[in-house]
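Chains as they are written, first to last, in the working numbering: chain A, 53 to 398; chain B, 53 to 398. All C-beta atoms in this analysis are idealised placements derived from N, C-alpha and C, irrespective of residue type, glycine included. Before any comments, here is the structure.
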DNA sequence: CGGCAGCACTCGACGTTAATTAGTGCTGCC
DNA sequence: GGCAGCACTAATTAACGTCGAGTGCTGCCG
């Protein structure tokens, strides 16, 4: 959309949005003239607002009410008016504090991240954990539990851990398994899951000629491991109660939709997945994520990564009148911090 | 409380409760006489209802409204009127189906259980996972990840798995760790976490005289493992959206309280923990769990166990007018089924 | 010609009143 | 003791008037 607004138009749009973010109420020309020293009279403001309404940036809930920013209005504001500043020092410090002294696996870190995002933003914090299928293998370990039960532990770079229990027909000793482990780690380390699957098939073909029963058993077991894989996408959600603090969700229907979306995690996964391949903070406003049943909500998200490989995304979900200028830097900083922590973990 | 009700009183109380469970509306004498063939006139029913109100079993929302069962009324009903039947065959079959063909670790089973409880009851399903501290060790395994990083995998009976990453100062080879593993599993298998802690201290004391560096390192590492333990109690909650289907939660405040309780899982843990030492299905009605911020809700819970050792509890949370006669057998059956599955897993 | 004071108009919010309705408690008869 | 009849009560709903916030428009002024 090519809207060309003069400076006055922009300043008024900005003021409307700021006030609306604060109060969640339609804002009128008088209030605007008083609270924000724009040095123009209410009457003039009214004229400008009428223009902004023609552009589709503002709307009136009813004929004689104040103006409310539309989704496009917010989009315009975010894209062309808002200047994103650095995260304020104290806020940065608060976030840092939450993470100190926690050496743990990735799952813990990510869970914590969603809590931090939620408590700092006072909205909903979400974290999409790395896809199992995009995991890069650091180490694969089989442990004998019982005559017919084997525990497989897969450790990915960045500390992702996956356990799985496998039932087998023939009994295997731990010594057998240790040999498997050495052999498998040798050929599989550094590959991602898809590459591993390909490699296993390859190895199996070659194996036909070698007749090494150890190799053959190891490959068989590994492929069992991967086929039993329920490719569950983990999403951590925290702070859903915060929704209750915002009057725009006072009616049940809106609330229900959102909670439904949260319960069927696949919706969130699809939503957050969109930012996997984009760098920097991505923003989805209101109706832009209608398909996710989350009209009325904005999503501010950023991917986190290890080196050049993006792992997952994290972000904040709130009402469309979320405080963009405050939350964007928070999400940005948290994504970078989490990336950093995961990189240094393993 | 020693309330002595004649048969007519009981029948009317039961009818009121049944109707209230169905409609969530105060029920009047006329409706009662018409819908339930009690063979008495509305006027007489009124008299009886007045008596029941004196006993505190029924209440009037306002002077000229119908009657609503009180929490004590429901308690009385559950304790002395309700006859708990076996779970209906088809329902049992539905539950069974959900679990077939899933060989997995306990965490998966429990998560699934909460989903099943929720979808079958159309209320909220909750499962309290076994306490880490009450876990009985099946196997402990250290795996070398990196120069200074070791992965500890603890497998409990019933398939509970705990991972933890430990940082160490001195480099240890996998061969060292294998020796640790053999030694530790030898002395620790079959002990629960508390017993293990005691045993480790004991061994350390004895070790002072033996000067075996392997033993000393192994013990040191194990104790590191346990002290890094954040004793997080896992709770699986599923089906929170179902709350939106019940008119009694139409006002926000009630809803907010419940969601708050769910977010601070420690509240739920305390609640569910009460049933850990009781056999059979336990029921908490409305104000009985006011302390958990869940007045207006009933909790129907039962513990699940492996052999004689109780592991955790599972149950259903719904409005106080939850259909007790249908849900109680469901919870009972699910608890037994989960126990059975966990027993046979490991 | 842009800005703005003034003014009539609009529409939701709120409070009042009245009609409706579901359901009670009580009285007195069988 | 059971119950028909009746007066009474309180929530619910609709209709109506008032109030106030806020608009759009007109026309004046620098």
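Per the C-alpha coordinates, the member of A:345, A:261, A:103, A:240 positioned closest to residue 274 of chain A is A:240.
Taking 9 Å as the upper bound on Cβ-Cβ separation, chain A lies near no residue of the segment 325-345 of chain B. When the alpha-carbon of residue 215 of chain B is set against those of A:224, A:205, A:218, the nearest one is in A:205. Listed along the chain, the chain B residues whose CB falls inside 9 Å of the CB of residue 148 of chain A amount to none; the nearest CB is some 20 Å away. In terms of beta-carbon proximity, residue 215 of chain B lines the interface with chain A, with at least one pair separated by less than 8 Å. Ranked by Cα distance from residue 220 of chain A, the first of A:317, A:140, A:203, A:255 is A:203. Contact with chain A is found for residue 302 of chain B, since one of that chain's Cβ atoms lies less than 8 Å from the residue's Cβ. Per the C-alpha coordinates, the member of A:348, A:139, A:288 positioned closest to residue 307 of chain A is A:348. Taken through DSSP and simplified to helix, strand or coil, residue 327 of chain A comes out as coil. Taking a 10 Å sphere around the C-beta of residue 284 of chain B, we find fewer than 16 other C-beta atoms and assign the residue as exposed. The Cβ neighbour count for residue 346 of chain A, taken over all protein chains shown within 10 Å, is at least 16; the residue is labelled buried. Assignment of beta-bridge partners to residue 367 of chain B by DSSP yields B:178, B:353. A distance below 6 Å between beta-carbons, with the five flanking residues on each side excluded, links residue 207 of chain B to the following residues of its chain, in chain order: 190, 191, 213. Between the C-alpha atoms of residue 372 of chain B and residue 72 of chain B there is a straight-line separation of about 10 Å. Under the Cβ distance rule, residue 193 of chain A counts among the residues neighbouring chain B, one pair being separated by less than 8 Å. At a cut-off of 4 residues, the continuous stretches assigned as alpha helix (DSSP H) that sit fully inside the segment 69-144 of chain A are 81-87, 94-106, 123-128.
For residue 172 of chain B and residue 136 of chain A, the gap between their C-alpha atoms comes out near 48 Å. In summary, no residue of the segment 355-367 of chain A has a CB separated from any CB of chain B by less than 9 Å. Straight-line spacing of the CA atoms in residue 333 of chain A and residue 390 of chain A works out to 14 Å. Per the Cβ contact rule, the segment 148-158 of chain A is not in contact with the segment 230-244 of chain A (fewer than 3 Cβ pairs under 8 Å).
Looking from the CA of residue 101 of chain B, the closest CA among B:80, B:250, B:89 belongs to B:80.
Bounds of any beta strand (DSSP E) do not take in residue 394 of chain B; it lies within the alpha helix (DSSP H) bounded by 376-397. Taking the CA atoms as reference points, residue 149 of chain B sits about 29 Å from residue 188 of chain B.
When secondary structure is reduced to three states using DSSP, residue 235 of chain B falls in the helix class.
Look at residue 199 of chain B here: in three-state DSSP terms it is coil, with no helix or strand label. With fewer than 16 other Cβ atoms inside 10 Å of its own Cβ, residue 141 of chain B counts as exposed. Annotation: the continuous alpha helix (DSSP H) that includes residue 279 of chain A extends over 265-279. For residue 261 of chain A, the enclosing alpha helix (DSSP H) covers residues 245-262. Interface annotation, residue 293 of chain A: in contact with chain B, CB-CB separation under 8 Å.
In the three-state scheme derived from DSSP, where H, G and I count as helix and E and B as strand, residue 358 of chain A is classed as strand. For the pair residue 96 of chain B and residue 108 of chain B, the CB atoms are not nearer than the 8 Å cut-off. Burial check for residue 113 of chain A: the Cβ neighbour count within 10 Å stays below 16, so the residue is exposed. As the crow flies, the alpha-carbon of residue 160 of chain A is around 47 Å from that of residue 120 of chain B. Judged by DSSP in its simplified three-state form, residue 340 of chain B adopts helix. Residue B:321 holds the alpha-carbon nearest to the alpha-carbon of residue 182 of chain B among B:321, B:83, B:99, B:92. When the five nearest sequence neighbours on each side are left out, the beta carbons in the same chain lying within less than 6 Å of the beta carbon of residue 290 of chain A are those of 166, 167, 170, 177, in order along the chain.
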